[in-house]
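Below is one structure, written out as structure tokens; comments come after it.
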Amino acid sequence: MKVLIVKLSALGDVVQSLPVAMAIRRQVPDAQIDWLVERPSAGLLQGHPALDRILVSPRHQMAEADGLPLSPLTGFGRELRSVRYDAVVDLQGLMKSAICVGLSRGSRKIGWRGGKEPLAALAYNHKLAPFDPDRPALERYLDMLEPLGLELPARIEFGLTPRPEELAAARSLLPWEDDSQPVVVLHPVAKWDSKLWPLAHWVELAELLGERGVRLVVSGSRDDQAIGRLIARRSGVSDLVDLTGRTGLKELAALLAMADAVVCTDTGVMHLAAAMGTRVAALFGPTAPWRTGPSGAGHEILRAGLDCSPCFERFCGDLKCMEQISPAQAAQAAMKLVSGR
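So the sequence shown is numbered by this note's numbering: it starts at 1160 and just counts up by one.
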């Protein structure tokens, strides 16, 4: 069996799709399983035990270039069509993924009817019924196993166990020489403005956890370094290291695996931490934890419980749903996770 999984973005969605690849690998050990992804999440998939080949969409490369460079698109099209697949599975369900499905060579092209961009279904010759958006995303992705003639897995696997060199690289970024105190990762950023928790809340949370003897790590991308510096400076916590902009996805995954708990909003890092087996205290406002909450048991979900939440809006002039989650609540949730690890 030759299968192409199309899940381009974003990080959390890619992570939640990995159990599909793992289930195929477990049930069809000699299958060829390839994955089409966009550049920001590609690094996480390199060397994954369930995957044979990673194809990287040129969409970001073309967007950054002047004019319309044809060479990346031509090379990508040639690579995409170099294999005739038994099945091409679209776990994205958007036009950007459906175009890739249409360009690919596959006997069966599988995806959902309906969805945010219904025209995407024109690329499929095997259409699943529109999904219930209130079902957990991971469960919806696993529905794609049925048209492949496969069973749901008895155990959810992500296949993201860090390698020794990745753990060593992550450990080298930490200033502590022993494991005598718990480590909590704070991830204070999100792509949606409406998911952001106030900076002052993050500072107060760092202070509260620091007073309890917790070692803190602030994570984020290079674009988040200003936020990391502000939390470090304003909180004044001595046992805090700012790693914004200093980790790739592999090092970040290893760091999350080493942590005792993670505090974050509804982001890709929340899903990555859960996939690494680390429990999270997740702050939810505009989105629904029953749809996109962390996988597994033992997590702490914090919500203000307002009537307008969840609204699923990226922008909001009144962020009460996030602001009314207090630093004290987040600190209590984090300490509960730390004490139970």
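Don't be surprised by glycine CBs; every beta carbon is placed ideally from N, CA and C.
Contact check, residue i vs residue j, beta carbons under 9 Å
i, j, result
"L1465", "G1318", "no"
"V1242", "L1163", "yes"
"G1444", "M1417", "no"
"W1351", "I1386", "no"
"L1297", "G1274", "no"
"L1301", "A1490", "no"
"G1407", "G1202", "yes"
"V1400", "P1334", "yes"
"I1213", "D1245", "no"
"I1269", "P1323", "no"
"V1478", "L1355", "A small fix is needed here, since residue 1478 is Leu in this sequence, not Val. It is a contact, given that the beta carbons lie within the stated cut-off."
"L1402", "V1376", "yes"
"R1240", "S1263", "yes"
"D1293", "W1271", "no"
"M1160", "P1321", "no"
Integer Cβ distance of residue i from residue j, believed to fall under 8 Å
i, j, result
"V1344", "V1421", "5 Å"
"V1247", "V1187", "So it is not a contact: roughly 16 Å between Cβ atoms."
"D1398", "R1374", "4 Å"
"A1282", "G1261", "4 Å"
"R1450", "P1295", "7 Å"
"A1501", "L1304", "Summary: the structure shown does not reach residue 1501, with the chain confined to residues 1160 through 1500, and so no result is reported for it."
"G1455", "A1487", "Not confirmed; about 26 Å, so no contact."
"P1217", "L1232", "6 Å"
"S1394", "G1369", "7 Å"
"D1144", "V1497", "Beyond the ends of the chain as shown, which are 1160 and 1500, falls residue 1144; an answer cannot be given."
"F1474", "S1353", "6 Å"
"R1198", "H1219", "5 Å"
"R1299", "H1285", "Their Cβ separation, rounded to whole angstroms, is 16 Å, which puts R1299 and H1285 out of contact at 8 Å."
"L1195", "L1167", "7 Å"
Residues that DSSP places opposite residue i in a beta bridge
i, result
"R1184", "BP columns for R1184 are empty, so no partner."
"Q1191", "K1161"
"R1212", "D1193"
"L1345", "V1377 and V1422"
"I1460", "A1441"
"R1473", "Its beta-bridge partners do not exist; DSSP assigns none."
"R1240", "None; R1240 has no bridge partner."
#### Entry: Within the region 1246-1330, ranges of the alpha helix (DSSP H) (whole runs, at least 4 residues)
1254-1262 and 1296-1301
### Query
Should the region 1315-1330 be regarded as contacting the region 1411-1418, the criterion being three or more beta carbon pairs within less than 8 Å?
yes
### Task
Could you tell me whether the region 1417-1427 touches the region 1166-1182, using the rule of 3 or more Cβ pairs below 8 Å?
yes
### Query
Any contact of the region 1433-1444 with the region 1452-1466, i.e. 3+ C-beta pairs under 8 Å?
yes
### Message
Restricting to runs no shorter than 3 residues, where is the beta strand (DSSP E) found entirely within the region 1384-1442?
### Response
1399-1401 and 1420-1424
### Message
Closer than 8 Å is the cut-off here; do at least three beta carbon pairs connect the region 1275-1284 with the region 1257-1267?
### Response
yes
### Task
Would you check if there are 3 or more beta carbon pairs closer than 8 Å linking the region 1445-1453 to the region 1468-1486?
yes
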